[in-house]
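*Asks:*
Protein chains: 4
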Amino acid sequence: MFRFDESKCYKMPAHFGGSDYVAASTRYHDTVNLAFRYATDRAMLEAYIPEAFTLVRPEVTIGFSQCRGIDWMAGSYYNLVMVSAPVRFDGARDHVEAAFALVVWENKTTPILTGREETGVPKIFADIEDLHVFEGEYFTTLSFEGNAFLTLRFSDAVPLGEQELAAMKVIPMDIIGWRYIPRVGGPGAELSQPIFFPQHCEVKRAWTGKGALQWTEQTWLQNPMQAHIIKALAGLPVLEMGAAMMIEGAAVLSAPLARVLE
Amino acid sequence: MFRFDESKCYKMPAHFGGSDYVAASTRYHDTVNLAFRYATDRAMLEAYIPEAFTLVRPEVTIGFSQCRGIDWMAGSYYNLVMVSAPVRFDGARDHVEAAFALVVWENKTTPILTGREETGVPKIFADIEDLHVFEGEYFTTLSFEGNAFLTLRFSDAVPLGEQELAAMKVIPMDIIGWRYIPRVGGPGAELSQPIFFPQHCEVKRAWTGKGALQWTEQTWLQNPMQAHIIKALAGLPVLEMGAAMMIEGAAVLSAPLARVLE
Amino acid sequence: MFRFDESKCYKMPAHFGGSDYVAASTRYHDTVNLAFRYATDRAMLEAYIPEAFTLVRPEVTIGFSQCRGIDWMAGSYYNLVMVSAPVRFDGARDHVEAAFALVVWENKTTPILTGREETGVPKIFADIEDLHVFEGEYFTTLSFEGNAFLTLRFSDAVPLGEQELAAMKVIPMDIIGWRYIPRVGGPGAELSQPIFFPQHCEVKRAWTGKGALQWTEQTWLQNPMQAHIIKALAGLPVLEMGAAMMIEGAAVLSAPLARVLE
Amino acid sequence: MFRFDESKCYKMPAHFGGSDYVAASTRYHDTVNLAFRYATDRAMLEAYIPEAFTLVRPEVTIGFSQCRGIDWMAGSYYNLVMVSAPVRFDGARDHVEAAFALVVWENKTTPILTGREETGVPKIFADIEDLHVFEGEYFTTLSFEGNAFLTLRFSDAVPLGEQELAAMKVIPMDIIGWRYIPRVGGPGAELSQPIFFPQHCEVKRAWTGKGALQWTEQTWLQNPMQAHIIKALAGLPVLEMGAAMMIEGAAVLSAPLARVLE
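Residue numbers (the numbering used here), protein chains in the order written: chain D, 1 to 262; chain W, 1001 to 1262; chain B, 2001 to 2262; chain U, 3001 to 3262.
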């Protein structure tokens, strides 16, 4: 019979065997990122931030990443869009600031599973186009079963100079997820906890530019599991659009170094 | 700020709001199922059965389901293949027999997430072709990023008569999953528990026939997260192939009525 | 060296060998069809009808077909949406009425190629959802690279009685395509000809109901090859929506019996 | 009514309007190419070369291209694999050497249609993975409905130096297709002609390395339209594997400058 070994790491299905715990990072060798930032209404945004945190600034960041050469996926690839807000956690032990992952859309199941179950990053599925690039405009579309709910456009790219690049060689990209595993056979949680997940980006080339985004609300029939999320985010006013950035580089994710915040 | 309400049900991302707990079932209005059964080596199969169970028979069932008209997905659809073995659980409180879900492949992310997190069904992703039907042969292929690892074929279909059909109007399809949520920042489990998940199938039409299956082992480079699972299952000898069945009907899943086995 | 044989039939790439000409039909064993019909403005519709024809009625038909068990594709499947208008051709030899295929969207390349090259059916690609079925509503979405441009909904289904069914056992579905192969290295045609393509539908079950459709115009950036087609069709006024139908059955296509209209 | 204008260029469906002929090229701004070359048996290869040509060398080239930033597709993208052999055409007017396109697999329908109908490039559909990149190995898989039939691997990459790069700044990539449009309602051709299609590649970075390829033959049930092509190519012996190359750059395709060979 199969016996669990507490010194091993398992993923469901666990009973085909686990692996040793290795406190190491994994590398995404080739990433293209778009990051859009905008100021929004504090009270409206706070409605989606668990009260364990304080909101550092009433600001939303939408980050698109086209990830290639991913070590833990044997060199495979996927795209993601993360919507986050800067929060601060002051607990009995931990005092950290990081991006609180409001929601992350990804176009492959494999990283969705590990992200949710291992670090509480609230990943859900969408079709996400690779970047289309036409006459200086970069754009992508997120859709679910044929219905687009978010488009992102980046234009007027101005490359950063050598000096600026040197100053931003490594960008910390730590995020906080909230892992929630429901109780079986009733309401409420079996597990509900904030998790700090350290990661960073190594910059090879970068551009500033102009970002534009467009949400399209969905009906329950079009997208029954996500319509309320899209409605919430589409309803956040864009009070002031900040400068957008495009970054080519690599990403280093340190899931084994994540920790539950206390 | 967002505050969790213990009387509500949440899915990640939780902070956009929860829903009331409803002890109800959900219906899959239109399903086509293939079920193949074969005797295998007891010791080899037991190696993948957690010791909390006893193996009722050294038998593997491979079930393909083409599911359409799914209520909780607003009428959408997906395909799945479940590999299971009949087990018995005798605990302090519970005494049940059901199909232990060794692994389930599905071709959509949404049901993978709820299955894993709410009932411990070890669902992972594969591309699964809808049934091809040609000159009395029904077949499908499971693949990951272009590499087929399992094909299923059903032929020589003989329809069940009225009397036989009447006798099998409703088929219990209860399954047991093992929910495993890893500890953060180290080996071992934060949550590790068997879950009983009641479901049944309503039969409209049924056929007996001949089943054939073919596993193709994968390298780590082809399928890094699943190669060891495929290798394990491909290695189980087919000592005697039982009769195969095809069933058209509906399925009723009662996830809210699931319970942790004790 | 490879030598063409004029007694053989070839598809590109031709040089791997051809097949014998067989004046036979091919069967789609399992089809679900939705057909919506509406009256529109005659002059506006005629702008898209080649002058070789006369428009029988200022009427547009939008037909969705979910095709399974397709013999020539070894039992595989695809979905299509055809937009057509009833035309009459009176030539030196031929005098026929049929549905002129204004455009056909399909979600697989293989039938697109044969349809265009062998019978001039103007097939182009779209992602087309299988029918979603929820509480008596049937719906699907056509999209291109994530952007929906057409949704179809069918509701209030009333099944046809035995007598009505018997009266419509076989429905002729003949269509006319216009095969256009461009000249190389300049404007104009190398081949430009109307083709009559006989097909029919065998009805197993049928329902009348209420149809609804919604076009969403696209920008050139969203859909550079199709935006003008969608704009043209979306611009045709729906003067009067006729009754919609849903039909389950089989289809018989007789491409080898097609002929150039003269 | 719609009237064709011989001074315009049309694609099916033609009746929604044509465009002006422009004798211009189109640019693929971002391409990654793998090229494998091997010597094979002359007689076996010649069996697939139309007798209008002479085979320059008994050599097969397999080229993979990951194309991004494609102008005529509004910045969209697709992957392709071309299998070709070097041929010479000596006609009444034309005397050219180019790569004869034996077959081209592409993972989007749009370029398949224009390639076939406008320049006779024998494009057919396959799922083609973007390059996986893991520890210095680059690999991709071609599959059809879940069944892989070709894998390509490139390793031991050695970058070309400045001088070598300067010497190969622009690589001519002219190809010859054979446009074959069948007669309607019988065997034989309505159109059958060789077409010269000028294109070239601009090199930004390049590497030499080691190439490996693996064909997997398919049954008719797995791939009814392509099994005979795969069987033919898989049957060509690899007498000597040449050096493989990887090239990053751009491609310039001049379809409007193509011409029928005479």
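Note that CB positions come from ideal geometry on N, CA and C, so glycine has one too.
Out of P3159/U, I3128/U and S3143/U, state which residue places its alpha-carbon closest to the alpha-carbon of G3136/U.
*Replies:* P3159/U
*Asks:* So which of F3196/U, E3164/U and M3241/U has the shortest CA-CA distance to D3174/U?
*Replies:* F3196/U
*Asks:* Give me the chain D residues within the contact set of W1220/W, using Cβ-Cβ distance strictly less than 8 Å, ordered along the chain.
*Replies:* A74
*Asks:* Note down, in chain order, each residue of its chain lying with its Cβ closer than 7 Å to the Cβ of M3082/U, except the 5 sequence neighbours on either side.
*Replies:* Result list for M3082/U: G3063, A3101 and V3104, in chain order.
*Asks:* Between which residues of its own chain and R2057/B is the CB-CB distance below 6 Å, once the five residues before and five after are set aside?
*Replies:* P2086
*Asks:* Please confirm if M1082/W has its CB atom under 8 Å from at least one CB of chain D.
*Replies:* no
*Asks:* Using a Cβ cut-off of 8 Å, pull out every chain U residue sitting near F1134/W, in sequence order please.
*Replies:* Neighbours of F1134/W in chain U, taken as residues whose beta carbon is under 8 Å from its own, are L3221 in chain order.
*Asks:* Let me know if D1071/W comes out buried or exposed under the rule of 16 or more other beta-carbons within 10 Å of its beta-carbon.
*Replies:* buried
*Asks:* May I have the straight-line CA-CA distance separating N140/D from V2260/B, to the nearest angstrom?
*Replies:* One point to set straight first is that residue 140/D is Thr, not Asn, in the sequence displayed. Spanning the two alpha carbons is a distance of roughly 43 Å.
*Asks:* Against D2130/B, what residues of chain W qualify as contacts under a CB-to-CB distance less than 9 Å, listed in chain order?
*Replies:* Contact note: D2130/B reaches chain W through R1068, S1076, Y1077 and D1130, using a C-beta cutoff of 9 Å and chain order.
*Asks:* Check whether the Cβ atoms of N3223/U and N3147/U sit closer than 8 Å, and answer yes or no.
*Replies:* yes
*Asks:* Comparing C-alpha positions only, which one of M1044/W, F1016/W and G1069/W sits nearest to V1238/W?
*Replies:* M1044/W
*Asks:* How about T2114/B: is its C-beta nearer than 8 Å to some C-beta of chain D?
*Replies:* no
*Asks:* Compare the C-alpha of Q3193/U against each of Y3021/U, L3150/U, P3013/U and P3122/U and name the closest.
*Replies:* P3122/U
*Asks:* Here's the rule I'm using: 16 or more other beta-carbon atoms within 10 Å means buried, otherwise exposed. How should T2110/B be labelled?
*Replies:* buried
*Asks:* With a threshold of 6 Å on Cβ separation, who are the neighbours of A243/D within its own chain once the five nearest residues in sequence on each side are excluded?
*Replies:* T208
*Asks:* What does A1148/W reach in chain U if we use C-beta pairs closer than 8 Å?
*Replies:* Those are S3143, G3146, N3147 and A3148, listed as they occur along chain U.
*Asks:* When the Cα atoms are used, what is the spatial distance from H95/D to R88/D?
*Replies:* Using only the alpha carbons, I get a separation of about 7 Å.
*Asks:* Please decide whether F2139/B counts as near chain U, where near means a Cβ-Cβ distance under 8 Å.
*Replies:* no
*Asks:* Given I1171/W, which residues of its chain have a CB within under 7 Å of its CB, disregarding the five upstream and five downstream residues?
*Replies:* Cβ neighbours of I1171/W beyond the five flanking positions: H1200, C1201 and V1203.
*Asks:* So, is W3178/U buried or exposed, given that buried needs 16 or more other C-beta atoms within 10 angstroms?
*Replies:* Residue environment: W3178/U is assigned as buried (16 or more neighbouring CB atoms within 10 Å of its CB, all protein chains considered).
*Asks:* Spell out whether any CB of chain D is found under 8 Å from the CB atom of D2127/B.
*Replies:* Yes, D2127/B counts as interfacial toward chain D.
*Asks:* Please list the partners that H2228/B has in chain W, where partner means a Cβ-to-Cβ separation under 8 Å.
*Replies:* What H2228/B touches in chain W: nothing, since even the nearest Cβ is about 31 Å away.
*Asks:* Please classify L2045/B: does DSSP put it in a helix, a strand, or coil?
*Replies:* helix
*Asks:* Please list, in chain order, the chain W residues whose beta carbon lies closer than 9 Å to that of D2071/B.
*Replies:* F1134 and E1135
*Asks:* Going by CA-CA distance only, name the one from Y21/D, L233/D and Q163/D that's closest to T216/D.
*Replies:* L233/D
*Asks:* Can you find a C-beta in chain U that's less than 8 Å from the C-beta of P2198/B?
*Replies:* So, not an interface residue.
*Asks:* Using 8 Å for Cβ pairs, my map puts L191/D next to I181/D. What's the rounded Cβ distance?
*Replies:* 4 Å
*Asks:* Taking Cβ-Cβ distances shorter than 7 Å, what residues in chain D pair up with H3029/U?
*Replies:* Correct list: V133.
*Asks:* Rounded to whole angstroms, what is the Cα-Cα separation between A2014/B and A3014/U?
*Replies:* 26 Å
*Asks:* L1160/W touches chain D at which residues, Cβ-Cβ below 9 Å?
*Replies:* Result: empty, since nearest Cβ-Cβ is about 33 Å, beyond 9 Å.
*Asks:* Helix, strand or coil, according to DSSP, for K1011/W in the structure here?
*Replies:* Judged by DSSP in its simplified three-state form, K1011/W adopts coil rather than helix or strand.
*Asks:* Given A2157/B, which residues of its chain have a CB within under 7 Å of its CB, disregarding the five upstream and five downstream residues?
*Replies:* Hits under 7 Å: G2136, W2207, G2209 and M2246.
*Asks:* L2055/B to D2090/B, Cα distance in whole Å?
*Replies:* 12 Å
*Asks:* Smallest Cα separation from G2017/B: which of P3050/U, R3003/U and A3024/U?
*Replies:* P3050/U
*Asks:* What does DSSP give as the partner residues of L55/D in its beta bridges?
*Replies:* V87/D
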